[in-house]
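Asks: Residue numbers (numbering that gives the first Met the number 0): 0 to 199. Heads up, the beta-carbon is just placed ideally off N, CA and C, and yes, glycines get one too.
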Amino acid sequence: MLEILRDWDVFFFRWVNEGWSSGALDAFFSFVTDERNPWNWALAVMGVLWLVLRGGVRGRCALFAIVLSVASADLLAARVVKPVVARTRPCNALADVRTPWKKSGSYSFPSNHAANQAAAMGVLSLAYPPATPTFAAVALVVGTSRVYLGLHYPSDVLCGFILGMALAVLFWRWADAYRVRWLNRHPPRLRDMVGRIRHD
């Protein structure tokens, strides 16, 4: 059974990594996956500012939950799960793998990019359900980039998503419970002074 699952994992990896090959996608997914890209940082900063300045109590609780869930996901994936599973990345284990961005010598399972994105986008989806399709699309694009660039198997990304989402649910429930208690303890006038919490 495990051999069959591995074969499917490699099949879908090859399908994305080789079957989707194009110069435009090489540039796009390299851009998306680069954590040092100034545009990615600019978008992150804009998102943080919106949550703090315009998101009211809900936004600030969401930001707190994002920080906790992303930090936990990154730590668990990189420091706990990866050393235990010790799975070699496809770019180092398989022949003829395309690596348009760069190779990596670290372990493959699970994908930290996927775990971190699922943690952040998961909290935002829980905090702002109407925008869930947008947040899910962001996480999916980042996760797909890791397979396309030859750095992860699809199962690495899928399990990273599961880990990140589980932590997102955990920390958002905790933060949201605090938000509800805060709203119940403060009179409407004081709540309005905090800013835009009438939507909470």
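1) Unbroken beta strand (DSSP E) runs of length 3 or more, entirely within the stretch 17 to 104: which are they?
2) Suppose you measure from the CA of Lys81 to the CA of His112; what does that come to, to the nearest Å?
3) Quick one: what's got a C-beta closer than 8 Å to Ser20's C-beta in the same chain, skipping five residues either side?
4) Would you mind stating whether Ser107 and Arg78 have Cβ atoms separated by less than 9 Å?
5) How about the stretch 142 to 157 and the stretch 36 to 48: do they share at least three Cβ pairs that are nearer than 8 Å?
6) For Pro109, does the count of other Cβ atoms within 10 angstroms reach 16, so buried, or fall short, so exposed?
7) If you check the beta carbons only, do Phe30 and Trp38 fall under 9 Å apart?
8) Got a sec? Which residues, its chain only, sit under 6 Å from Phe170 by beta carbon, not counting five neighbours each side?
9) With DSSP run on the structure shown, which of helix, strand or coil describes His151?
Replies: On the basis of the data shown:
1) Entirely contained in the stretch 17 to 104, not one beta strand (DSSP E) run reaches 3 residues.
2) About 13 Å.
3) If the five residues before and after Ser20 are omitted, its C-beta is found closer than 8 Å to the C-beta atoms of Arg97, all from its own chain and listed in chain order.
4) Going by C-beta atoms, Ser107 is not nearer than 9 Å to Arg78.
5) These segments do not touch.
6) By the 10 Å Cβ count, Pro109 comes out buried.
7) In this structure, Trp38 lies closer than 9 Å to Phe30 by Cβ.
8) When the five nearest sequence neighbours on each side are left out, the beta carbons in the same chain lying within less than 6 Å of the beta carbon of Phe170 are those of Ala64, Leu67, Ser68, in order along the chain.
9) Coil.
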